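Some notes on the structure that comes next.
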DNA sequence: TATTTTTAAGACAAAAGAGTCTCAAAAACC
DNA sequence: GGTTTTTGAGACTCTTTTGTCTTAAAAATA
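Protein chains in written order, with the numbering used here: chain U, 25 to 177; chain E, 25 to 177.
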């Protein structure tokens, strides 16, 4: 898989947050219910995003997590790097350590192109952009439901 | 990681085989030594390629494995599909089951493009092509050494 | 037939990824 | 101060991936 499950869950939760009233703390339990992700597992993942400064959290009643920056300033790349690290974008396709322009493997050039296309996708898609798209077309954030479920209280 | 370790090992071994005298059986032990891959692990991986009809094997003295088809007729895709399966090329980037044109996630369109670029790379690179490139420029197949080591007996 | 060389098959172990659970700490409110 | 609601931290389990090892089976050769 391109992205780990943790990373995908982190992305889905971040999209969820970008779709909420700005500045409001959202309980993780609420998100885990709506997104159909294990509460404890999601908590652990979002703790990573908090540690990386992408989210901030608040304990107690009316607590939860929220985006530090506006969703339009958060490219998917930020979340991917925080959870999966840079390996996807730096590693050789044949797993050879130190593979690079100066000492390439046979696949290096082609893979570099493909990797750029992945990098481009992650750097140039912001949370807000995908949320707008998702809302306009009622796209999916869970196996079964579209963005609309994210509004039903 | 894009490809599993098993898959990467399978690709490296297949490149090794494509670089050998055509039709000759090569002992797995010889390859595992040269490519610095665990013999038993490589054996298991190559058994998959044999089961898939990409390699054929022969037991006993002067036995080993060899490519069934000429290397110029074997795209990397064949090996990737045999070992990692089609998930990389069919799965939704957000891991949502059934995500597709009719019921897409917000990332679907962009990911479809990127995925096509991966598909293109794997379908349009043959073993022989990469071997030629690797030999011409003495590119790497192991952490430390280039194609040239594959000739020293 | 016995020995050697090789792949085949599968049990087993170690490490990483995914997921669960418990308890502590902070904040709100009674 | 005590109770409730929430995140934080960490132990723990389960599964998958990765890697090791042992034994069987096939082929060659003496």
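Using N, Cα and C, we set each Cβ at its ideal position, and we do this for glycine too. Bear in mind the structure is a predicted one, so any value in this text is a computation, not a measurement.
Bridge partner(s) assigned by DSSP for residue i
| i | result |
| --- | --- |
| residue 89(E) | 50(E) and 81(E) |
| residue 170(U) | 164(U) |
| residue 150(U) | 99(U) |
Chain E contact residues for residue i, given Cβ-Cβ distances below 8 angstroms
| i | result |
| --- | --- |
| residue 127(U) | 164 |
| residue 134(U) | 145 and 149 |
Buried versus exposed call for residue i [16 or more other C-beta atoms within 10 Å across all chains shown]
| i | result |
| --- | --- |
| residue 132(U) | buried |
| residue 172(E) | exposed |
| residue 111(E) | exposed |
| residue 166(E) | buried |
| residue 65(U) | exposed |
| residue 44(U) | buried |
| residue 82(E) | exposed |
| residue 177(E) | Reliability fails at residue 177(E), whose pLDDT of 44 lies under 50, so the model's placement of it is uncertain and the value that follows must be treated cautiously. Label assigned to residue 177(E): exposed. |
| residue 138(U) | buried |
| residue 85(U) | exposed |
| residue 125(E) | exposed |
| residue 106(U) | buried |
| residue 134(E) | buried |
| residue 34(E) | buried |
| residue 130(E) | buried |
| residue 47(E) | exposed |
| residue 29(U) | exposed |
| residue 88(U) | buried |
| residue 121(U) | exposed |
| residue 68(E) | exposed |
Contact set between residue i and chain U, taken where Cβ atoms lie within less than 8 angstroms
| i | result |
| --- | --- |
| residue 24(E) | Look at the range of chain E in this structure, 25 to 177, and you will see that residue 24(E) is not part of it. |
| residue 36(E) | 118 |
| residue 167(E) | 120, 121 and 122 |
| residue 39(E) | 130 |
| residue 154(E) | 130 and 131 |
Residues that residue i contacts on chain U, provided the C-beta gap is smaller than 7 angstroms
| i | result |
| --- | --- |
| residue 59(E) | In chain order: nothing, as chain U lies at least about 11 angstroms away. |
9 angstroms Cβ cut-off: residues of chain E touching residue i
| i | result |
| --- | --- |
| residue 111(U) | 25 |
| residue 158(U) | 129 and 130 |
| residue 104(U) | Under the 9 angstroms cutoff, chain E gives no residues; its nearest Cβ is about 10 angstroms from residue 104(U). |
Chain-ordered chain E contacts of residue i [CB-CB under 7 angstroms]
| i | result |
| --- | --- |
| residue 32(U) | 118 and 119 |
| residue 115(U) | 25 |
Chain-ordered neighbours of residue i on chain U, where CB pairs are closer than 9 angstroms
| i | result |
| --- | --- |
| residue 29(E) | 119 |
Next on the checklist: Check whether the stretch 144-162 of chain U and the stretch 87-98 of chain U are in contact - that is, three or more C-beta pairs closer than 8 angstroms.
Outcome noted: yes
Next on the checklist: Pairs of beta-carbons, one from the stretch 159-166 of chain U and one from the stretch 41-58 of chain E, closer than 8 angstroms: are there three or more?
Outcome noted: no
Checklist entry - Are the stretch 113-122 of chain E and the stretch 28-44 of chain E touching, with three or more C-beta to C-beta distances below 8 angstroms? => result no
Next on the checklist: Extract the residue ranges of the alpha helix (DSSP H) inside the stretch 112-148 of chain U, only unbroken runs of 4 or more that lie entirely within it.
Outcome noted: 132-147
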